[in-house]
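Student: Numbering (our numbering), first residue to last: 3 to 136. Glycine included, C-beta positions come from ideal geometry on N, C-alpha and C. Before we start, here is the structure in question, set down as structure tokens.
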């Protein structure tokens with residue numbers, strides 16, 4: 003499952019508002035992560051939104067570069083670090099990942115931090131969601 007399809011992207015404004023008003027969040031530098039157990043059925047275990055602030059990166063080229071790096075790191079590691087845990091618990095979540103770093107970091111740094119962020123998110127999910135034994 004090394005794909006990142008349109009259905010996995012969080013686009014629904016109502017869900018995004020719910021996420022930011024009712025969701026839990028944590029900081030795993032250079033990412034700020036908000037997550038919420040999805041109130042609605044969805045085709046994939048997680049829907050995710052990537053954002054980079056216009057205030058810090060004035061040029062769209064820079065914002066797009068950072069988002070592309072984050073999406074690539076997520077795409078390669080989502081299955082083993084996030085989807086497997088969600089499928090065991092039979093839950094669906096919505097996630098927002100905002101980039102709060104001051105500089106554009108190289109891909110290897112972003113990938114390492116994305117792995118740490120996914121591990122921290124998995125830890126919070128297992129604490130919040132009781133896993134049902136099949």
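With respect to the alpha helix (DSSP H) encompassing residue 50, which residues constitute its N-terminal and C-terminal limits?
Tutor: The continuous stretches of alpha helix (DSSP H) do not include residue 50, which lies in the beta strand (DSSP E) extending over residues 48-53.
Student: Can at least three beta-carbon pairs, one atom from the segment 61-76 and one from the segment 14-29, be found at a separation below 8 Å?
Tutor: Touching, no.
Student: Take the Cβ of residue 48 as the centre, count every other Cβ of all protein chains shown within 10 Å, and call the residue buried at 16 or more, exposed below.
Tutor: buried
Student: With distances taken Cα to Cα, identify the nearest neighbour of residue 17 among 9, 6, 29 and 38.
Tutor: The residue with the shortest Cα to Cα distance from residue 17 is 38.
Student: Count the other CB atoms within 10 Å of the CB of residue 130; is the residue buried (16 or more) or exposed (fewer)?
Tutor: exposed
Student: Distance check for residue 71 and residue 102, CA to CA, integer angstroms please.
Tutor: 14 Å
Student: Are the beta-carbon atoms belonging to residue 29 and residue 96 less than 8 Å from one another?
Tutor: no
Student: For a test of the three-state rule: what should DSSP assign to residue 131, helix, strand or coil?
Tutor: coil
Student: Ends of the beta strand (DSSP E) at residue 12?
Tutor: Unbroken run through residue 12: none, as it is neither H nor E.
Student: Let me confirm a value: residue 80 is counted as buried when at least 16 other C-beta atoms fall within 10 Å, else exposed. Which label applies?
Tutor: buried
Student: Assuming residue 100 and residue 33 make a contact with CB atoms under 8 Å, what is their CB distance in whole Å?
Tutor: 7 Å
Student: If you reduce the DSSP assignment to three classes, tell me which class residue 33 lands in.
Tutor: strand
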